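Here's the structure, in structure tokens; my notes come after.
Residue numbers (the UniProt record's numbering): 1 to 265.
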């Protein structure tokens, strides 16, 4: 645990030394939220007569977590090139602390950034603070851990930062877009074939359930039962927890079993 804590603390130290990374992780999703929310505000209505700025808020929080996961796990490739990762792998602490330290460090950064953004939202009155915030905090932690574990799955066998960015943008951005973050999940009643295929893809996306529950917790006064796709909170929490456990175990399996990447420089 001391080795894992050291790696997690190293992620925090690196994060605060890279000031452009601090600003980009917050400012870019904030700009997306303000620009898209303002531009589409009058042409978009969903359950509870929400405007697009209110609807897009949970998606912006998810985008912050996604960007932070990308920036946090790319350090695996940089550490390998600098020789630091090889030094850690030959130490007697084993490989579990490597995964634990990277995931906990990156997810903690993502969680703090998301909570800081939400505090700004609550401060400016876009959403009201309620007791649901106590459930929102662990939900964000689960999403952050899942995203960072997914980033580790991609980063561990990679030897190129350019290839890492390409894979992450090709995989994570569609995953975010198909989670109901940017547009609602279409109902299957009276839908075209294209909408049914799109709706099916969004329904099998685990992030869709996390975003829906996040939207419920941010706006507890809104009834989302008529939103077309509104599984229960128990279902959303179950899918989020199971998905987080599965991707973490896959990342652990990859870190433990992929020995050929130890010598990649």
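Note that beta-carbon positions come from the ideal geometry of N, C-alpha and C, so glycine has one too. Every value quoted in this text rests on a predicted model; they were computed, and no experiment measured them.
- [ ] Go to residue 174, then tell me how far its alpha helix (DSSP H) extends in each direction, as first and last residue.
- [x] 161-177
Task: Length of the line joining the Cα atoms of residue 88 and residue 77 - done: 13 Å
Task: Straight-line Cα distance separating residue 238 from residue 231 - done: 11 Å
Open item on the list: So for residue 157, helix, strand or coil by DSSP?
Closed with: The answer is coil: DSSP assigns residue 157 none of H, G, I, E or B.
Open item on the list: Quick check on the burial criterion: 16 or more other C-beta atoms within 10 angstroms. Buried or exposed for residue 159?
Closed with: exposed
Task: Rounded separation between residue 215 and residue 92 - CA only - done: 44 Å
Task: Proximal residues to residue 205 (C-beta, below 7 Å), its chain only, five neighbours per side dropped - done: 175, 178 and 179
Open item on the list: Residues in the same chain with beta-carbon distance under 8 Å from residue 58, minus the five sequence neighbours each way, listed in chain order, please.
Closed with: Around residue 58, the same chain offers 181, 211, 214, 215 and 218 as residues with beta carbons nearer than 8 Å, after the five sequence neighbours per side are excluded.
- [ ] For residue 80, count neighbouring C-beta atoms within 10 Å of its own C-beta (all shown protein chains included) and say buried if the count is 16 or more, exposed if not.
- [x] buried
Open item on the list: Given this structure, state the Cα-to-Cα distance separating residue 34 from residue 84, to the nearest angstrom.
Closed with: Roughly 40 Å separates the two Cα atoms.
Open item on the list: Is the separation between the beta-carbon of residue 164 and that of residue 74 shorter than 9 Å?
Closed with: yes
Task: Range of the contiguous alpha helix (DSSP H) that encloses residue 60 - done: According to the DSSP assignment, residue 60 belongs to the alpha helix (DSSP H) that extends over 52-73.
Open item on the list: Out of 98, 106 and 209, which one is the CA nearest neighbour of residue 256?
Closed with: Closest by alpha carbon: 98.
- [ ] Indicate whether residue 185 and residue 208 have their beta-carbon atoms separated by less than 9 Å.
- [x] yes
Task: Secondary structure of residue 82, DSSP reduced to three states - done: helix
Open item on the list: DSSP three-state label for residue 286, please.
Closed with: In the structure displayed, the chain extends from 1 to 265; residue 286 sits before or after that span and is not available.
Task: Where residue 188 falls, given that 16 or more other Cβ within 10 Å makes a residue buried - done: exposed
Open item on the list: Measuring CB atoms only, is the stretch 192-204 touching the stretch 99-106, in the sense that at least three cross pairs come out at less than 8 Å?
Closed with: Segments in contact, no.
Open item on the list: Tell me which residues share the same chain as residue 8 and place their Cβ nearer than 6 Å to its Cβ, disregarding the 5 neighbours each side in the sequence.
Closed with: 101, 104 and 105
Open item on the list: For residue 263, which residues in the same chain have their Cβ closer than 7 Å to its Cβ, ignoring the five residues on either side in sequence?
Closed with: Confidence is the limiting factor: at residue 263 the pLDDT is only 49, short of 50, which leaves the residue's position unreliable, though a coordinate-based value still follows. Nothing meets the Cβ criterion.
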